[in-house]
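Numbering (my numbering), first residue to last: -10 to 173.
For glycine and all other residues, C-beta sits at the position ideal for the given N, C-alpha and C.
Quantities reported herein were computed from a predicted structural model and do not represent experimental measurements.
#1: Give every residue of the same chain whose Cβ lies closer than 7 Å to the Cβ of residue -9, excluding the five residues on either side of it in the sequence, and list them in chain order.
#2: Am I right that residue 22 and residue 139 are in contact with their C-beta atoms under 8 Å? What's the rounded C-beta distance?
#3: Using only the alpha-carbon positions, how far apart do residue 55 and residue 105 sit?
#4: Mind checking residue 102: buried by the 16 CB within 10 Å criterion, or exposed?
#5: What separation, rounded to the nearest whole angstrom, lies between the Cα atoms of residue 173 and residue 4?
#6: Give the secondary structure of residue 67 by DSSP, where H, G and I count as helix, E and B as strand, and everything else as coil.
#7: State yes or no: is the beta carbon of residue 105 nearer than 8 Å to at least one beta carbon in chain D?
#8: Do residue 65 and residue 15 count as a contact pair if the criterion is CB distance below 8 Å?
#9: Kindly indicate which residue of 17, 119, 58, 49 has the alpha-carbon position closest to the one of residue 37.
#10: Would you mind working out which of 87, 109, 6, 50 sits nearest residue 76, comparing C-alpha positions?
#11: Rounded to whole angstroms, what's the CA-CA distance from residue 74 to residue 87? Just pull it up for me.
#12: Using the C-alpha atoms, what's the distance from residue 148 back to residue 108?
#13: Rounded to whole angstroms, what is the Cα-Cα separation between residue 123 and residue 150?
#14: Is the CB-CB distance between residue 99 and residue 30 below 8 Å?
#15: Nearer than 7 Å: is that true of the beta carbon of residue 19 relative to any heavy atom of the ligand MG?
#16: Would you kindly work out how many angstroms separate the C-alpha atoms of residue 127 and residue 70, rounded to a whole number?
#17: Would you mind sorting residue 132 into buried or exposed? The rule is 16 or more other CB atoms within 10 Å of its CB.
#18: Could you check the C-alpha separation between residue 72 and residue 8 for me, to the nearest Å?
#19: Entirely within the segment 6 to 42 and at least 4 residues each: give me those alpha helix (DSSP H) ranges in chain order.
Pasting the structure below:
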């Protein structure tokens, strides 16, 4: 499936733009936003497919973090950012999300729950990056999450906070549901 994407953000710095969150950005965006709306991205799904060497693990004891990976769809949160905050927000997101350049920054079409379609900046897993681990068996996921601790804290805290936020939003994720049961 070809993903509807470009690698740009809106050209006019005065224009508002959208950011799609599917993991910790949903519950800890870290940037000012004008609007927060449930949204769906098609062609990508939420997956624990990234070895975390900084935020939730180290190279010696990696944890796992979420990435958008090929196929399916992903329910998450779209944030509308005021054009006046563009440079500051992009700098913040790039520092946070690109610590090891494991994500590809791209603009994808997202369908908001109110029916609008917007172009939203999202961070997709780079399958060519050495930290991309793909699909792992459940017990391996659990072991890696249990061991991971990085500069942003313990990996189980990340998984549980993301799971709990998804539950609050009415979003079901079978992998995170299973992991949350095991971690509690």
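The short version:
#1: Along the chain shown, read from residue 1 onward, the residue named residue -9 stands at position 2. A caution first: residue -9 carries a pLDDT of 35, below 50, which makes its placement in the model unreliable, though a value can still be read off. The beta carbon of residue -9 sits closer than 7 Å to no other beta carbon from its chain once the five residues preceding and following it are set aside.
#2: Translated into positions along the chain shown, residue 22 becomes position 33. Translated into positions along the chain shown, residue 139 becomes position 150. Rounded, the Cβ-Cβ distance is 26 Å, inconsistent with contact.
#3: Position 66 of the chain shown, counted from the first residue, corresponds to residue 55. Position 116 of the chain shown, counted from the first residue, corresponds to residue 105. C-alpha separation (whole angstroms): 26 Å.
#4: Reading the chain shown from its first residue, position 113 is the one you call residue 102. Exposed, by the Cβ-count rule.
#5: For the purposes of this step, residue 173 is taken as residue 184 along the chain shown, with counting starting at 1. For the purposes of this step, residue 4 is taken as residue 15 along the chain shown, with counting starting at 1. Cα to Cα, the separation comes out at about 44 Å.
#6: Along the chain shown, read from residue 1 onward, the residue named residue 67 stands at position 78. Correct three-state label for residue 67: strand.
#7: Going by chain labels, chain D is absent from the structure shown, which holds only one protein chain.
#8: In the chain shown, counting from the first residue as 1, residue 15 sits at position 26. In the chain shown, counting from the first residue as 1, residue 65 sits at position 76. Result yes, Cβ atoms of residue 15 and residue 65 sit closer than 8 Å.
#9: Against the chain shown, residue 37 aligns to sequence position 48. Of the listed residues, the one whose Cα sits closest to residue 37 is 58.
#10: Mapped onto the chain shown, residue 76 falls at position 87. Closest in alpha carbon position to residue 76, among 87, 109, 6, 50, is 6.
#11: On the chain shown, position 85 is the one that residue 74 refers to. On the chain shown, position 98 is the one that residue 87 refers to. Approximately 19 Å between the Cα atoms of the pair.
#12: Numbered from 1 along the chain shown, position 119 holds the residue referred to as residue 108. Numbered from 1 along the chain shown, position 159 holds the residue referred to as residue 148. If you take the alpha carbons of residue 108 and residue 148, they lie about 27 Å apart.
#13: Along the chain shown, one-based indexing puts residue 123 at 134. Along the chain shown, one-based indexing puts residue 150 at 161. Answer to the nearest angstrom: the Cα atoms are 22 Å apart.
#14: The residue you call residue 99 lines up with position 110 of the chain shown. The residue you call residue 30 lines up with position 41 of the chain shown. Here residue 99 is near residue 30, since their CB atoms are less than 8 Å apart.
#15: For the ligand MG, the structure offers nothing, since it holds no ligand at all.
#16: Taking the chain shown and counting its residues from 1, one reaches residue 127 at position 138. Taking the chain shown and counting its residues from 1, one reaches residue 70 at position 81. The alpha-carbon of residue 127 is positioned some 36 Å away from that of residue 70.
#17: Here residue 132 refers to the residue found at position 143 of the chain shown. Residue 132 sits exposed, since fewer than 16 C-beta atoms from the chains shown fall within 10 Å of its C-beta.
#18: As a working mapping, residue 72 is identified with position 83 in the chain shown. As a working mapping, residue 8 is identified with position 19 in the chain shown. Looking at the two C-alpha atoms, the distance is approximately 12 Å.
#19: The segment 6 to 42 contains these whole alpha helix (DSSP H) runs: 13 to 16.
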